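A.B. asks: Just dropping this structure here.
There are 2 protein chains.
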Amino acid sequence: MKSKTRSATGRLLYAQSGGVTAVINATAAGVIQTARAHRVPVYAAHNGILGALREELIDTTKETAAAIAALRHTPGGAFGSCRYKLKSLDANRAEYERLIEIFRAHEIRWFLYNGGNDSADTALKISQLGQAMDYDIRCIGVPKTVDNDLMVTDCCPGFGSVAKYTAVSTLEASLDVASMADTSTKVFIVEVMGRHAGWIAAAAGLAGEGPDAAPHIILFPERVFDEAAFLAKVKATVERVGWCTVVASEGIRSADGQFLAAGSTDAFGHAQLGGAAPVLAALVKEKLGYKYHWALPDYLQRSARHLASKTDADQAYAVGKAAVDYALAGMNAVMPVIVRTSDAPYRWKLEAAPLDKIANHEKKMPDKFISRDGFGITAAARRYLSPLIRGEAPPPYGREGLPKYVQLKNVAVTKKLLAFVR
Amino acid sequence: MKSKTRSATGRLLYAQSGGVTAVINATAAGVIQTARAHRVPVYAAHNGILGALREELIDTTKETAAAIAALRHTPGGAFGSCRYKLKSLDANRAEYERLIEIFRAHEIRWFLYNGGNDSADTALKISQLGQAMDYDIRCIGVPKTVDNDLMVTDCCPGFGSVAKYTAVSTLEASLDVASMADTSTKVFIVEVMGRHAGWIAAAAGLAGEGPDAAPHIILFPERVFDEAAFLAKVKATVERVGWCTVVASEGIRSADGQFLAAGSTDAFGHAQLGGAAPVLAALVKEKLGYKYHWALPDYLQRSARHLASKTDADQAYAVGKAAVDYALAGMNAVMPVIVRTSDAPYRWKLEAAPLDKIANHEKKMPDKFISRDGFGITAAARRYLSPLIRGEAPPPYGREGLPKYVQLKNVAVTKKLLAFVR
Chain A
1 MKSKTRSATG RLLYAQSGGV TAVINATAAG VIQTARAHRV PVYAAHNGIL GALREELIDT
61 TKETAAAIAA LRHTPGGAFG SCRYKLKSLD ANRAEYERLI EIFRAHEIRW FLYNGGNDSA
121 DTALKISQLG QAMDYDIRCI GVPKTVDNDL MVTDCCPGFG SVAKYTAVST LEASLDVASM
181 ADTSTKVFIV EVMGRHAGWI AAAAGLAGEG PDAAPHIILF PERVFDEAAF LAKVKATVER
241 VGWCTVVASE GIRSADGQFL AAGSTDAFGH AQLGGAAPVL AALVKEKLGY KYHWALPDYL
301 QRSARHLASK TDADQAYAVG KAAVDYALAG MNAVMPVIVR TSDAPYRWKL EAAPLDKIAN
361 HEKKMPDKFI SRDGFGITAA ARRYLSPLIR GEAPPPYGRE GLPKYVQLKN VAVTKKLLAF
421 VR
Chain B
423 MKSKTRSATG RLLYAQSGGV TAVINATAAG VIQTARAHRV PVYAAHNGIL GALREELIDT
483 TKETAAAIAA LRHTPGGAFG SCRYKLKSLD ANRAEYERLI EIFRAHEIRW FLYNGGNDSA
543 DTALKISQLG QAMDYDIRCI GVPKTVDNDL MVTDCCPGFG SVAKYTAVST LEASLDVASM
603 ADTSTKVFIV EVMGRHAGWI AAAAGLAGEG PDAAPHIILF PERVFDEAAF LAKVKATVER
663 VGWCTVVASE GIRSADGQFL AAGSTDAFGH AQLGGAAPVL AALVKEKLGY KYHWALPDYL
723 QRSARHLASK TDADQAYAVG KAAVDYALAG MNAVMPVIVR TSDAPYRWKL EAAPLDKIAN
783 HEKKMPDKFI SRDGFGITAA ARRYLSPLIR GEAPPPYGRE GLPKYVQLKN VAVTKKLLAF
843 VR
C-alpha cells in the first residue's frame, strides 16, 4: 500500500512561526511541492511549534496540487503561526520529550521551522535533540521575517514585499499630499514596522531621490530621536518644497531611551509598539502649526500580497525548496540563506548556513546606510535595497475584483497520544 | 498662425478641487485628450479655483501626448487641488469679477471643475456668471470623490478604487490575523475614511460573506455607536471564530453625538477626524482583555493607484471625456453622471444632470444597505458595491520596481493681469 511505503521513509513536518508575511505561504508551496516531487508526505503543525506540542497536525497530502500552487500567491500563514519560544533543554525537558514523542508517533524524520531569530533558536534546539534523546530527527530552519534582521543571509523573505509596499505607498501618498499642500495637509507622517532595525523605514527612501523628493525625512530606531533637529528639517522642507513626507519607524526613541509610542510586551518579552506617528503629528502641530495627516498601515503592510516584490516571492519559494533538499540530503541544524553575488545585475544564490550563527542574533542597519544627518538613506543603502523590491508578482484576481487567495482544507491528522499537560 | 486660430475659438480651463483620488488624473487625461482631438487648447488652474483667482495657469499644450496618456495611471492631482469654497455672488462679488477678468484675459470659454459637493456648488455659481456679468462662459462640473456621496450619479469616480483597496486590504490583513490569533492579536481594527457616509466602510464588507468571514463588524457613521452591542459582538466573534476584524468609519459617533475621534476643522468647516481605531482598541483591551492591533491607512487608501478598480478608472476617464463633449456642445451648469442600467451584467452610461440637483447635497448610505444589527452589509449593498471594484488597471512598473507615475512639466502661462488682492 502506498501509505505504508511512505511511512517507512518517514514524514516531513513543516511549521510557520512568528509574525507572518505576504510570502511565507510561497515558502510553504516550495516545501510541499518539492517534498511531493520526492514522494515524501508533509504534515504541517497547526499554529507553529504549539501544534506539534499539542499534536495538532494537518495532513497536506489531502490538498490538491492546485491548492498548494495557490499558496504561492496567498498571504498570511496557511497553517497558522505562533509566538512561542521553547525554553532550554535543561529548563523544560518535558516539552522536548513531548516533541520527540509526537515525532516518533507520526514518524516525523524531518522538521522544517519557518521563522525569524527566535524560531531559528527553536529549530537549533530541536536539531540537537537527535543525540540527546536518541531519535533520528533532522531540523532545518527556513528564513522569514519582514524585519530583515536575520544574520548571515543577505536579506530575509518577507522583507522585499513589505519594502515594496512601503516605497510604493510613500510615493503614492506623497503625490496626494503634494496636490493638497497649498490649502490643506503640509506634513504627512507614515509609521512603519521595525522595532529595533530600520530596514522597512529605509525602504521608503526608494520612493524618491534628492533633497526635494519624498520621503524628506526618515526616522530610524538606530538613531536617537532629536526633536529640535527633526522640527528644523520639517520646517525647512515645508518652506522649500511646500510640504513634507516623514516615514517613522515604530521603534524610534528619545534620548532618555523612551519609545515615542507607549506599548505593552508580547509573548517573547518584546515591547509591542504602535503610535509614534500621532505623537510626531501632535509635535508638528504644536511647535510648527502645520496641518498634518498620519497613517499607520500596521498589518496591511506585511500582508499586502497584491503588491509583492517578485524578487521576494521568488526567494521565499526558493528557500522552501532548498530546505527540503537539505533535509532529504541528511543535513541538520542549518538554514538556507540568500547570498548576493552581484548588485548590478542583481544575482543571488542559496547556501546552507549553520543555525547557531543565526539564532538569537539580530542584524541592524549598517551605519553606512544612514545619511550623515540621520534622516535619509545613502547610495550604498539604495544599492542594497533596490533589487529587493524589483519585479511584480500579482496574484490572480477573480471576477468579483478580489485576489483569488486559497483557503486550504487543513484536514487534521488523527491523534495518537494523550493530551500534553505542561 | 496656429495659436491665433486657436485663440479665436477660445480655451478650456480645467481645475481639480478637494481631496484628490487615485483616478482624478484619469479624468484629466479624458479632458485633455478629448479637447486635443477637437483642437481646443486646455489650460489647467494651479491648485483648483485658487489658481484661477491668482492667475496661476498651466499650459497643458506644452505636455507630450505620452505624458497626458500617463496621467491615466498616475494618482494625486497633477495640477494641484485646493479646499476653497467661493462665497455667494452677493457676499463676494469681487472674486467673481476677478474670475471673469481672468477668463476674458485668457479667452477661457469653457470651465470644467472636477470635485465633490462643494466644488459642484462653485461650478454652479460660475455657470451663472455668464448672464450676470455679460461674458460667455460655459461651466461643467465633473464628479470626483472617494466619499461616494454625490447625489444623482449612481457612484462617484474615485470611490471604486478606494473601495477595492479597502476590501482587498481587509481580506489580506484578516488572513494575517487568522494565522496569529492563537497566541497573538485577536482583534484587528481598521479605520477608513468617510465623515458622514459609510460607503468606504461598507466596501470592506466585500472582503467576505457569512457570519464567520471577515470583516465581522463594520461601524457606520449612519448608526450610533453602541458600546455594549459592539463589545458583545466582538466577544461572541472571538469565542466562535477565534479572532475578529472590525472596520470602522472615521465618522462614528456615540449617542451624545461626539465623534469617537477628537478632531479639528478644515477650510470648509468640516470636522477633520482620525483616530477612532485606537479608541476602539483601548476599549477592547480594557473591557475584554483581548490583544489587538489597529491600522489607519489614511491617504494610502485614496492614493493607491496600484490597486485601482478598472471600473472606476474607466468611469473617471469617461466623465472627463463627456464633460468636454458637453462643454463644446454648448451645455452649461451640468455634470456628467453615471447611470446604472444593469446590475448583472453590470452596465452603465453617462447622462448630463443639472448641477443644482447636486451642489451642496450629500448622499448617505440607504438604510437597506445596512444589516439589521447595524454591523454589516446586506445583499442589496453587495449588488450595488460589487461591480464598482471589478477589474484591475495596474500602472506600468519601471525596472526599479516602482510604478511609472508621470510628473508633468506644468509650464506656467504668462500673467496678463495685476495680482488680485482680496
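Heads up: the protein sequence lines correspond to chains A and B, in order. Just so you know, we're using the working numbering here: the first sequence kicks off at 1 and counts up by one. Just so you know, we're using the working numbering here: the second sequence kicks off at 423 and counts up by one. Every residue, glycine too, gets a C-beta built ideally from N, C-alpha and C. No experiment lies behind these values; they were computed from the predicted model shown.
(1) Go ahead and label A/Gly194 buried or exposed: buried means 16 or more other beta carbons lie within 10 angstroms of its beta carbon, across all protein chains shown.
(2) Taking its Cβ as the centre, do 16 or more other Cβ atoms sit within 10 Å of B/Leu839, making it buried, or is it exposed?
(3) With which residues is A/Asp59 paired in a DSSP beta bridge?
(4) At which residue ranges does the stretch 594-628 of chain B contain complete beta strand (DSSP E) runs of 3 or more residues, listed in the order of the chain?
(5) Is B/Ser731 closer than 7 Å to B/Lys586 when the C-beta atoms are compared?
(6) Can you tell me whether B/Ala554 is buried or exposed, with buried defined as 16 or more other CB within 10 angstroms of its CB?
(7) Measuring only the C-alpha atoms, how far is B/Ala781 from B/Ile622?
(8) Would you list, in chain order, the members of the stretch 292-311 of chain A that have their beta-carbon closer than 9 Å to a beta-carbon of chain B?
(9) Between the stretch 73-102 of chain A and chain B, which residues of the former have a C-beta closer than 9 Å to a C-beta of the latter?
(10) Buried or exposed: which applies to B/His638, given that a residue is buried once 16 or more other Cβ atoms fall within 10 Å of its Cβ?
(11) Three or more beta-carbon pairs under 8 Å between the stretch 489-497 of chain B and the stretch 823-836 of chain B, yes or no?
(12) Just to confirm, is the Cβ distance from A/Trp243 to A/Ala173 under 7 Å?
(13) With 16 as the cutoff for other CB atoms within 10 Å, does A/Asp149 come out buried or exposed?
(14) Would you check if the distance between the CB atom of A/Arg11 and the CB atom of A/Pro41 is smaller than 7 Å?
(15) Rounded to whole angstroms, what's the CA-CA distance from B/Leu705 to B/Leu653? Just pull it up for me.
(16) Taking B/Glu644 as the reference, give the member of B/Glu661, B/Leu628, B/Ala677 and B/Arg662 with the closest Cα.
(17) Check whether the stretch 306-325 of chain A and the stretch 735-746 of chain B touch, using three or more Cβ-Cβ pairs below 8 Å as the test.
(18) CA-CA distance, A/Ile370 and A/Thr378?
(19) So the candidates are B/Lys707, B/Ala658, B/His528 and B/Asp648; which of them puts its Cα closest to the Cα of B/Gly679?
(20) Between B/Gly627 and B/Gly796, how many whole angstroms is the CB-CB distance? I'm expecting something under 8 Å.
(21) Near B/Arg724, which residues of its chain fall below 6 Å by C-beta distance, leaving aside the five closest residues on each side in sequence?
(22) In three-state terms, what does DSSP make of A/Leu434?
(23) Name the two residues that bound the continuous alpha helix (DSSP H) containing B/Asn536.
(24) Assign B/Glu854 to buried or exposed, taking buried as 16 or more other Cβ atoms, counted over all protein chains shown, within 10 Å of its Cβ.
(25) Please classify B/Lys831: does DSSP put it in a helix, a strand, or coil?
(26) Residues of the stretch 399-421 of chain A with a CB closer than 8 Å to any CB of chain B: list them in chain order, please.
(27) Would you call B/His715 buried or exposed, if buried means 16 or more other Cβ atoms sit within 10 Å of its Cβ?
(28) Kindly indicate which residue of A/Leu53, A/His106 and A/Thr27 has the alpha-carbon position closest to the one of A/Gly77.
(29) Who are the near neighbours of A/Ala281 in its chain, counting only those whose CB is closer than 6 Å to its CB and skipping five residues on each side?
(30) Indicate the three-state DSSP secondary structure (helix, strand or coil) for B/Lys771 in the structure shown.
(31) Is the stretch 763-772 of chain B in contact with the stretch 453-472 of chain B, if contact means three or more CB pairs nearer than 8 Å?
(32) What's the C-alpha gap between A/Leu89 and A/Arg109?
(33) Have a look at the DSSP bridge pairing and note the partners of A/Gln16.
(34) Taking the beta carbon of A/Ala228 as the centre, do at least 16 other beta carbons fall within 10 Å, making it buried, or is it exposed?
C.D. replies: This is what the structure holds:
(1) Against the first sequence, residue 194 of chain A aligns to sequence position 194. Within 10 angstroms of the beta-carbon of A/Gly194 lie 16 or more other beta-carbons, which makes it buried.
(2) As a working mapping, residue 839 of chain B is identified with position 417 in the second sequence. With fewer than 16 other Cβ atoms from the protein chains shown falling within 10 Å of its own Cβ, B/Leu839 counts as exposed.
(3) Walking along the first sequence from the start, residue 59 of chain A turns up at place 59. According to DSSP, which records beta bridges pairwise, A/Asp59 is partnered with A/Tyr43.
(4) Secondary structure in the stretch 594-628 of chain B: the beta strand (DSSP E) runs of 3 residues or longer, each lying completely within the stretch, are 609-614 in chain order.
(5) The sequence position of residue 586 of chain B within the second sequence is 164, counting from 1. The sequence position of residue 731 of chain B within the second sequence is 309, counting from 1. Taking a C-beta distance under 7 Å as the contact criterion, B/Lys586 and B/Ser731 qualify as a contact pair.
(6) By one-based count along the second sequence, residue 554 of chain B stands at place 132. Counting of Cβ neighbours within 10 angstroms places B/Ala554 among the exposed residues, the total staying below 16.
(7) Taking the first residue of the second sequence as 1, we reach residue 781 of chain B at position 359. Taking the first residue of the second sequence as 1, we reach residue 622 of chain B at position 200. If I take the Cα positions, the gap works out to 21 Å.
(8) Within the stretch 292-311 of chain A, the residues whose Cβ lies closer than 9 Å to some Cβ of chain B are His293, Trp294, Ala295, Leu296, Pro297, Asp298, Tyr299, Leu300, Gln301, Arg302, Ser303, Ala304, Arg305, His306, Leu307, Ser309, Lys310 and Thr311, listed in chain order.
(9) If the cut-off is 9 Å between Cβ atoms, the stretch 73-102 of chain A has Thr74, Pro75, Gly76, Gly77, Ala78, Phe79, Gly80, Ser81, Cys82, Arg83 and Tyr84 near chain B.
(10) In the second sequence, residue 638 of chain B corresponds to position 216, counting from 1. Buried is the label assigned to B/His638, since at least 16 other Cβ atoms lie within 10 Å of its Cβ.
(11) Yes: the two stretches touch, three or more of their Cβ pairs being nearer than 8 Å.
(12) The sequence position of residue 243 of chain A within the first sequence is 243, counting from 1. The sequence position of residue 173 of chain A within the first sequence is 173, counting from 1. Cβ atoms of A/Trp243 and A/Ala173: not closer than 7 Å.
(13) As a working mapping, residue 149 of chain A is identified with position 149 in the first sequence. Counting the other Cβ atoms within 10 Å of the Cβ of A/Asp149 gives 16 or more, which makes it buried.
(14) Here the question's residue 11 of chain A lines up with position 11 in the first sequence. Here the question's residue 41 of chain A lines up with position 41 in the first sequence. For A/Arg11 and A/Pro41, yes; Cβs fall inside 7 Å.
(15) Counted from its first residue, the second sequence places residue 705 of chain B at position 283. Counted from its first residue, the second sequence places residue 653 of chain B at position 231. Here the alpha carbon of B/Leu705 sits roughly 8 Å from the alpha carbon of B/Leu653.
(16) Counting from 1 along the second sequence, the entry for residue 644 of chain B is found at position 222. Comparing Cα-Cα distances from B/Glu644 to each of B/Glu661, B/Leu628, B/Ala677 and B/Arg662, the minimum goes to B/Ala677.
(17) Note that the stretch 306-325 of chain A does not touch the stretch 735-746 of chain B; fewer than 3 beta-carbon pairs, one per stretch, sit closer than 8 Å.
(18) Here the question's residue 370 of chain A lines up with position 370 in the first sequence. Here the question's residue 378 of chain A lines up with position 378 in the first sequence. Distance between A/Ile370 and A/Thr378, taken at the CA atoms: about 6 Å.
(19) Within the second sequence, numbered from 1, the residue matching residue 679 of chain B stands at position 257. Minimum Cα distance to B/Gly679 is reached at B/Asp648.
(20) Along the second sequence, read from residue 1 onward, the residue named residue 627 of chain B stands at position 205. Along the second sequence, read from residue 1 onward, the residue named residue 796 of chain B stands at position 374. With a Cβ gap of about 13 Å, B/Gly627 and B/Gly796 do not count as contacting.
(21) For the purposes of this step, residue 724 of chain B is taken as residue 302 along the second sequence, with counting starting at 1. When the five nearest sequence neighbours on each side are left out, the beta carbons in the same chain lying within less than 6 Å of the beta carbon of B/Arg724 are those of Thr443, Val568 and Val584, in order along the chain.
(22) Chain A is shown only over 1 to 422; residue 434 of chain A falls outside these bounds and no answer can be derived.
(23) The sequence position of residue 536 of chain B within the second sequence is 114, counting from 1. Here B/Asn536 belongs to no alpha helix (DSSP H); instead the beta strand (DSSP E) covers Ile530 to Gly537.
(24) Limits of chain B in this structure are 423 at one end and 844 at the other, which puts residue 854 of chain B out of reach.
(25) Here residue 831 of chain B corresponds to residue number 409 of the second sequence, with the count starting at 1. DSSP places B/Lys831 outside both helix and strand once states are collapsed to three, so it counts as coil.
(26) Cβ contacts with chain B: Arg399, Glu400, Gly401, Leu402, Pro403 and Tyr405.
(27) The residue given as residue 715 of chain B occupies position 293 in the second sequence. Buried: at least 16 other Cβ atoms inside 10 Å.
(28) In the first sequence, the residue the question calls residue 77 of chain A occupies position 77. The option with the nearest alpha carbon to A/Gly77 is A/Thr27.
(29) Locating residue 281 of chain A in the first sequence gives position 281, where the first residue counts as 1. Here the set comprises Ile189, Tyr292 and Trp294.
(30) Residue numbering aside, residue 771 of chain B sits at position 349 when the second sequence is read from its first letter. Under the three-state reduction of DSSP, B/Lys771 is assigned to strand.
(31) No, because fewer than three Cβ pairs between the stretch 763-772 of chain B and the stretch 453-472 of chain B fall closer than 8 Å, the two stretches do not touch.
(32) For the purposes of this step, residue 89 of chain A is taken as residue 89 along the first sequence, with counting starting at 1. For the purposes of this step, residue 109 of chain A is taken as residue 109 along the first sequence, with counting starting at 1. Their Cα atoms are separated by approximately 20 Å.
(33) Mapped onto the first sequence, residue 16 of chain A falls at position 16. In the DSSP assignment, A/Gln16 is bridged to A/Asn114.
(34) Position 228 of the first sequence, counting from 1, holds the residue named residue 228 of chain A. Exposed, by the Cβ-count rule.
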